[in-house]
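Everything on this sheet refers to the single structure shown next.
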Amino acid sequence: MLFTHLFFSLSLSHQSSFKNQIKTLLLKTNETTKTEQKINAASVFEEAEKAVVIPKDADGIKKSIQRQIATGTIPAIPTYFDNEDMYQATAQAAREQLVERWNDTYEHFHKENPKQAYYISMEFLQGRALTNAIGNMKLTGEYSDALRSLGYSLESLAEEEKNMGLGNGGLGRLAACFLDSIATLSLPAWGYGMRYKYGLFKQGIDQTTGQQKEYADDWLVRGNPWEIPRPQISYPISFYGKIEGDSKWVPGQQVAAVAYDTPIPGYNTKNCISLRLWDAQPIVKDFNLTAFNDSDYKAAMGPTNLAQQMMAVLYPGDATKEGKALRLSQQYMLCSASVQDILARWKERGNTDWEKLPEKVCVQMNDTHPTLAAPELMRLLIDEEGLTWEKSWEITKKTVAYTNHTVMPEALEKWPLDLMEELLPRHMQIIRQIDQKFMNDVKEAFKGKKDDKEMAAFLKATTILENVYADSVGGPKMGDTMEKAEAPPATVRMANLCCIAGLSINGVAQIHSDIVKAFTFKEFAEIYGYKFQNKTNGVTPRRWLAFCNPELSKVITKWVGNTDAWITDTEVLRKLMDNAKNPELQKEWKEAKLARKQICKDYIKKTTGIDVPINAMFDIQVKRIHEYKRQLLNILGIIYRYRQIKAMSKEERAKVVPRVCVFGGKAYATYIQAKRIVRLVTAVGEVVNNDPEIGDLMKVVFVPDYNVSVAETLIPASELSQHISTAGTEASGTSNMKFQMNGCLIIGTLDGANVEIRECVGDDHFFLFGITEDEVEPAREERAAGKFVAPKTFLDTIEYVRSGAFGKKGEFEELLGSLEGNSGFGQGDYFLVGKDFQSYIECQDEVDEAYRNQEGWTESSILSTATSGKFNSDRTIDQYAKEIWDIKPCVVP
Ligand code: 26V
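Using UniProt numbering, you'd call the opening residue of the sequence shown number 1 and step up by one each time.
Written out as structure tokens, the structure reads:
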């Protein structure tokens, strides 16, 4: 390819023999060669783009799919051709269209040289791409027709695609929604992430024990048609080693970070941005051929193994030092490769004045995992570009921004200082300098305003290096450490570094941003009040309504005035309000919901074997399993309800609102208490679902392996969804927004984005229960003082579980134990399940009452969708673009 390209260009410029031309070329200086190649490359590309027409009609698409099969683009074998091959061929055809847009966007951004934002994230939960990609390109009909003419259905082929599950939960899915919105708004911004071989894990439920099992998620096993490998884009990533002289880092180990681009098309725009994922590969020169030939395979394969370990999974266990080193290496690789790439692109676009870097680049750190982007930018500016420390710091502070996604103390990352020192000695040097400067500045700024004691406490809370300085007030000196014997472990607090380096610090829902400012980072708020912002999360209405719920979308389009404008401008959904009581709309609305319930019912049957009644209320809680999210409150409520029904007469039972209670979510592999919650749910299901007295009045289902496509099946079918975290603990939640968009009513606490959802939909259409955030601490104190008396309903339910009604007797002792006692994390009912229980079950009675009135319920359902406009991630991204990144749309003509 490169050869033909050289030949083509040279034969035009010199009319001599091919050999001579190559010789002349090789004799030229590198610089001239590069420039010539660039000019030629541009014209070759342009010619190629003109010469090849990518089809956009059904017939052309059909031929394109056939071409993928016949020419070996996909690895199909004539005698063995399956649906997966057909999916691959279809995806390849779509990919051609994406590549065309990607190239145009790249060229356009290059030419315009706008300020560009970069979203760096350890997680991207993209889910499946086919339906979304062709939907965003508005080619769904064409693909559907093309496939039909080949004897396939688009819907069933789409099911062949594996989920790209490079994420753990909300933070990763948010990143994916953000990319969709960035592309749709034609904004110059890219995502950077990691190409893990196995992602998080696939969850199974063991048939005999009812417990969660984790399996490697082999999403790449048959290749990934959506990625474009770019082996030419590769950066060295260094680790370990030593510092020579003042600051020269001589690394001990290196891997190469190689780029893989996933094109992300916008909706209703030609813009197609990039999600660039990094893969680690051994550096060729490190391969010790001599060792290999001497059969010392361990030595020879060392670098290869390191690279493979680094890419194996997301969030490897970090209980050991090795585990921590691996996780930190992953984080560093993500940051280093991304920042090197960002600076390379900045140069490629002809920029030269480093002081103006913040006018062209903004880096958003998605939580603290990409914190090292800040010291890495410093290192590159100082060590590679020769800027002074001070200048580099000024630039860095204007370039990076930080989003906080959780206030759970265990998720605020701290790395052992000795590990960091060992793995990244140069960065540690820079971090120490940042910390020094920060503390000196603070002392200066608050001189005379804080006494010594106050200052000591203030610095203790804000310094990056925890448990390092002997005396913060007296002025720490480099290398000052506490006496080893009495010293708690020295750590590097990543969030503190983010607050100090970041140009902004934002939370992800109003209440969370308020908590971050008032509690989590209250000292930083005193210093940098101006940095604190709120950016309430959002979700993309393309994936989460238009594509996952075509039945409801059709009804919406008709009733907002026969327009699909709502797919981008979700405020248009408000038009549904006028007809929320209209029986005609109500009828169509209910039919759409029923169609989705049927699909969900079939899915539940297929994955769990459980037959659920279609006319029951579909009541769903899907999210990571965590004590603060209180799946335990839900299941205890279900047990309470079960016992109530059992105690009823036949006549009373006839009035019960039947419910299908669905749970889904992964428990992190080492989070034992969360795994016990999963087990309690499956144990309750085993009993309730087989109790002839209950029959169809209640079913309890745990849907295994909750992921993006499972969410796309469950959410449109849901009538009630549960967002019931202890007030003040859920940063935002984003599934609550997806449920609301799909006309689902919410039972929830005043937490995260629930607060704003309730404001939008109105108090009458939101089932609120539980204590408020400011009541949480007093409730814990009440408990610690031994003054809390749990309601009888709660105690009886606990005792019932304890009696061995579900699972094996004694199986849930530790779980129930966490709800007892008087204080402490992990005991004393830290998340206040007992405190909120009575309020919860009473609220569930209100839900039943409301459901009995189907007209009223449907009205609330319509109003939910109608008022969900605010939770469009286009709104969120517009705010990031204007209020943090300072970037403007750059539309491909
Ligand atoms: C959690 C874990 C747990 C397993 C081990 C590794 C690991 C690493 C990081 C984290 C932090 C996860 C933070 C997160 O996902 N936060 C969620 O962010 C959503 C988007 O802003 C938000 O809607 C959710 O409320 C919040 O929990």
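We put the CB at the ideal spot given by N, CA and C, even for glycine.
With a CB to CB cut of under 6 Å and the five nearest residues on each side skipped, what residues in its chain are close to residue i?
i, result
"S513", "G507, N534"
"P476", "Here P476 scores only 45 on pLDDT, less than 50, and its place in the model is too uncertain to base an answer on."
"S274", "W190, D261"
"K437", "none"
"L27", "Bear in mind that the predicted position of L27 carries a pLDDT of just 47, short of 50, making it too unreliable to give a figure here."
"A616", "P658, R659, V660"
"E214", "F201, A669"
Indicate, with yes or no, if the ligand 26V has a heavy atom lying under 8 Å from the CB of residue i.
i, result
"V508", "yes"
"Y840", "no"
"N163", "no"
"Y315", "yes"
"T797", "no"
"G105", "Note that residue 105 is Thr in the sequence shown here, rather than Gly. Every heavy atom of the ligand 26V is 8 Å or more from the Cβ of T105, so no."
"residue 924", "What is shown of the chain runs 1 to 893, which leaves residue 924 out entirely."
"A411", "yes"
"H427", "no"
"L497", "no"
"A753", "yes"
"T520", "no"
"Y196", "no"
"N615", "no"
"L372", "no"
"L328", "no"
"L174", "yes"
Please name the residue or residues paired with residue i in a DSSP beta bridge.
i, result
"K414", "R493"
"R276", "Y192, D261"
"Q203", "E214"
"T403", "N366, N506"
"M648", "None, per the DSSP bridge assignment."
"N707", "For N707, which the question treats as bridged, DSSP gives no partner whatsoever."
"A291", "According to DSSP, which records beta bridges pairwise, A291 is partnered with nothing at all."
"P229", "Y260"
"I243", "W249"
"H723", "G748"
Between residue i and the rest of its own chain, which residues show a CB-CB distance below 8 Å, the 5 nearest in sequence each way excluded?
i, result
"I877", "F178, S181, I182, L185, L187, G538"
"residue 903", "Outside the shown range of the chain (1 to 893) lies residue 903, about which nothing can therefore be said."
"Q854", "K590"
Going along the chain, which residues of its own chain have a beta-carbon closer than 7 Å to the beta-carbon of residue i, five neighbours each way excluded?
i, result
"I74", "Q68, D85, Q88, A89, Q92"
"V492", "K414, W415, L417, M420, I431, I464, L465"
"E814", "R676"
"R349", "H110, N113"
"E693", "K646"
Quick one: is residue i buried, meaning 16 or more other Cβ sit within 10 Å of its Cβ, or exposed?
i, result
"P375", "buried"
"L314", "buried"
"I243", "exposed"
"A485", "Its pLDDT being 46, under 50, A485 is placed unreliably by the model, and the measurement read from it follows with that caveat. The residue is exposed, with fewer than 16 neighbouring Cβ atoms inside 10 Å."
"K347", "exposed"
"L594", "exposed"
"T24", "Annotation note: pLDDT 46 at T24 (below 50); position unreliable, coordinate value reported separately. By the 10 Å Cβ count, T24 comes out exposed."
"D829", "buried"
"G748", "buried"
"T682", "buried"
"S338", "buried"
"P236", "exposed"
"K809", "exposed"
"T570", "buried"
"Y840", "buried"
"P893", "exposed"
"E142", "buried"
"F519", "exposed"
Examine the ligand ATP and report whether any of its heavy atoms sits within less than 8 Å of the Cβ of residue i.
i, result
"A727", "Summarising the ligand content, the structure contains the ligand 26V and does not contain the ligand ATP."
Which full runs of the alpha helix (DSSP H) of 4+ residues lie inside the segment 115-170, going along the chain? 130-136, 140-149, 154-158
| Which runs of the alpha helix (DSSP H) fall wholly inside the segment 733-773 and span at least 4 residues, in chain order? | 735-741, 754-761
- Taking only runs that begin and end inside the segment 602-666, name each unbroken beta strand (DSSP E) of 3 or more residues, in chain order. Entirely contained in the segment 602-666, the beta strand (DSSP E) runs reaching 3 residues are, in chain order, 617-622, 659-664.
Next item on the list: Note down, one range per segment and in chain order, each alpha helix (DSSP H) of at least 4 residues found wholly within the segment 669-706.
Entry: 672-688
Q) Which ranges would you report for the alpha helix (DSSP H) in the segment 30-69 if only whole runs of at least 4 residues count? A) 30-51
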